[in-house]
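Participant: Provided herewith is a single structure, encoded as structure tokens, for subsequent inquiry.
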Amino acid sequence: MKTDKPLLEIIGVDKHFGNQHVLKNCTLSVKQGETVVLIGPSGSGKSTLLRCVNLLESIEGGSIFFRQSDITQSNVEPHRLRQDIGMVFQNYELFSHLTAAENIMLAPMTVLGINRAEAEAQALELLSKVRIPDKADSFPDELSGGQQQRVAIARALAMKPKLMLFDEPTSALDPEMIREVVDVMADLSAEGMTSIVVTHEMGFARRAANHIVFMENGEIIEHATRDEFFGGSVSQRAQRFLDQIL
Ligand code: ADP
Ligand code: MG
């Protein structure tokens, strides 16, 4: 059923690490089908914000609603939530002793109880989707970085998540491999996958982002539509950052 309520609502989130205030009253909502690109200098809190959404970090203030329920309440099972929220990291984190297909099959079989044949059929479909249909039997160390990252994306998709979080998915890759991962993420956005993508690939933002959010020192400083952002109506702080990365 379609609803106008955001799929994800981060409201006034605060967090410290020791005496460092790493998230300051952060508010962000993401509607079903939207792609939000999150940018900002290293150390500004981007990863921490994503990790809070996936309950890899706890918050001290504020709330996070996913599908209209507050996931920061103590009765929420992180493992259950992570079935609906897929996450892809900079360093792929594949299981090195499993093939590409087995990496993708593992959670559907062990968590969802899907049988092996069905899980394998789904893995092959997902490998096609991420444009490496012939790599099912390859082990991670036989794949390029770009191929490994696409297996990681397929693995996350195997749980049929409602929301995908990407944390600098291309920043460990050689330039020629960035494009193949960006293309896969852009395909997903075009198909209507809701996602938050931390990336400095502004080409991806231009192609796929509905909104662009700029963070600095733990604060969300700017929240612009793609047209506003690329139309030049960005704050000086965001512009200074862009001048450095472009
Ligand atoms: P970004 O992803 O934007 O580079 P992070 O969210 O990783 O930023 O980090 C925000 C700040 O929090 C940084 O100053 C970082 O050093 C600090 N930080 C991140 N994780 C931890 C942790 N587990 N313990 C202590 N400090 C942390
Ligand atoms: Mg980070």
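Heads up, the sequence shown is in numbering that gives the first Met the number 0, so the first residue is 0 and it goes up one at a time.
Beta carbons are placed, not taken as given, at the ideal position from N, Cα and C, and that holds for glycine.
Indicate whether the contact test is met: 3 or more Cβ pairs, each with one atom in the segment 105-124 and one in the segment 42-59, closer than 8 Å.
Facilitator: no
Participant: Between which two residues does the alpha helix (DSSP H) harbouring residue 102 extend?
Facilitator: Residue mapping note: residue 102 aligns to position 103 of the sequence shown, counting from 1. Residues 99-109.
Participant: Along the alpha helix (DSSP H) that carries residue 47, what are the first and last residues, could you check?
Facilitator: The residue given as residue 47 occupies position 48 in the sequence shown. Run containing residue 47: 45-52, per the alpha helix (DSSP H) assignment.
Participant: Is residue 165 near ligand 3, with its Cβ less than 6 Å from a heavy atom?
Facilitator: Ligand 3 is not part of the structure shown, which contains ligand 1 and ligand 2 as its ligands.
Participant: Tell me, to the nearest whole angstrom, how far the beta carbon of residue 149 is from that of residue 180; I am working on the premise that it is less than 8 Å.
Facilitator: As a working mapping, residue 149 is identified with position 150 in the sequence shown. As a working mapping, residue 180 is identified with position 181 in the sequence shown. Indeed they touch by this definition, with Cβ atoms about 6 Å apart.
Participant: Hey, residue 50 and residue 56: beta-carbon distance below 7 Å or not?
Facilitator: Within the sequence shown, residue 50 is the residue found at index 51, counting from 1. Within the sequence shown, residue 56 is the residue found at index 57, counting from 1. Cβ atoms of residue 50 and residue 56: closer than 7 Å.
Participant: Is residue 45 near ligand 2, in the sense that its beta carbon is under 6 Å from a heavy atom of that ligand?
Facilitator: What you label residue 45 is simply residue 46 of the sequence shown in a count that begins at 1. Yes, since a heavy atom of ligand 2 falls inside the 6 Å radius drawn around the Cβ of residue 45.
Participant: Rounding to the nearest angstrom, what Cα-Cα distance links residue 98 and residue 139 in this structure?
Facilitator: Position 99 of the sequence shown, counted from the first residue, corresponds to residue 98. Position 140 of the sequence shown, counted from the first residue, corresponds to residue 139. C-alpha separation (whole angstroms): 7 Å.
Participant: Is the Cβ-Cβ distance between residue 63 and residue 71 less than 7 Å?
Facilitator: Numbered from 1 along the sequence shown, position 64 holds the residue referred to as residue 63. Numbered from 1 along the sequence shown, position 72 holds the residue referred to as residue 71. Taking 7 Å as the Cβ cut-off, residue 63 and residue 71 qualify as a contacting pair.
Participant: Is there at least one non-hydrogen atom of ligand 1 closer than 6 Å to the beta-carbon of residue 42?
Facilitator: Translated into positions along the sequence shown, residue 42 becomes position 43. Within the cutoff, so yes.
Participant: Determine which residues share a DSSP beta bridge with residue 12 and list them.
Facilitator: Numbered from its first residue, the sequence shown carries residue 12 at position 13. According to DSSP, which records beta bridges pairwise, residue 12 is partnered with 25.
Participant: State buried or exposed for residue 109, treating a residue as buried only when at least 16 other CB atoms are found within 10 Å of its CB.
Facilitator: For the purposes of this step, residue 109 is taken as the residue at position 110 of the sequence shown. When all chains shown are included, residue 109 counts as exposed.
Participant: In its own chain, which residues sit with a C-beta less than 6 Å from the C-beta of residue 197, not counting the 5 before and 5 after it?
Facilitator: Taking the sequence shown and counting its residues from 1, one reaches residue 197 at position 198. Around residue 197: 37, 45, 166 and 167.
Participant: Short of 6 Å in beta carbon distance, which residues of its chain neighbour residue 211, apart from the five on each side in sequence? Order them along the chain.
Facilitator: Position 212 of the sequence shown, counted from the first residue, corresponds to residue 211. Excluding positions up to five away in sequence, the list reads 36, 204, 223 and 228.
Participant: Determine, using beta carbons only, whether residue 6 and residue 193 come nearer to each other than 7 Å.
Facilitator: Here residue 6 refers to the residue found at position 7 of the sequence shown. Here residue 193 refers to the residue found at position 194 of the sequence shown. In contact: residue 6 and residue 193 (Cβ atoms closer than 7 Å).
Participant: Going by CA-CA distance only, name the one from 237, 185, 216 and 244 that's closest to residue 33.
Facilitator: Within the sequence shown, residue 33 is the residue found at index 34, counting from 1. Out of 237, 185, 216 and 244, 185 has the C-alpha closest to the C-alpha of residue 33.
Participant: Look at residue 87 and residue 177 and say whether their C-beta atoms are less than 7 Å apart.
Facilitator: Stepping through the sequence shown from its first residue, residue 87 is reached at position 88. Stepping through the sequence shown from its first residue, residue 177 is reached at position 178. No, the Cβ-Cβ distance between residue 87 and residue 177 is not below 7 Å.
Participant: Could you pull the start and end residues of the beta strand (DSSP E) that residue 65 belongs to?
Facilitator: In the sequence shown, residue 65 corresponds to position 66, counting from 1. Counting along the chain, the beta strand (DSSP E) containing residue 65 begins and ends at 60-65.
Participant: Leaving out five residues on either side along the sequence, give the residues of the same chain with a beta carbon under 6 Å from the beta carbon of residue 39.
Facilitator: Here the question's residue 39 lines up with position 40 in the sequence shown. Contacts found: 45, 213, 214 and 215.
Participant: Relative to ligand 1, is the shortest distance from any of its heavy atoms to the C-beta of residue 110 smaller than 6 Å?
Facilitator: The residue labelled residue 110 in the question sits at position 111 within the sequence shown. False, no ligand heavy atom lies under 6 Å from that Cβ.
Participant: Where does residue 69 sit, in a helix, a strand or coil, going by DSSP?
Facilitator: Along the sequence shown, one-based indexing puts residue 69 at 70. Strand.
Participant: Report the option in 220, 13 and 30 whose CA atom is closest to the CA atom of residue 24.
Facilitator: Counted from its first residue, the sequence shown places residue 24 at position 25. Minimum Cα distance to residue 24 is reached at 13.
Participant: Report the option in 160, 22, 142 and 18 whose CA atom is closest to the CA atom of residue 100.
Facilitator: Taking the first residue of the sequence shown as position 1, residue 100 is located at position 101. A check of alpha carbon separations from residue 100 across 160, 22, 142 and 18 identifies 142 as the nearest.
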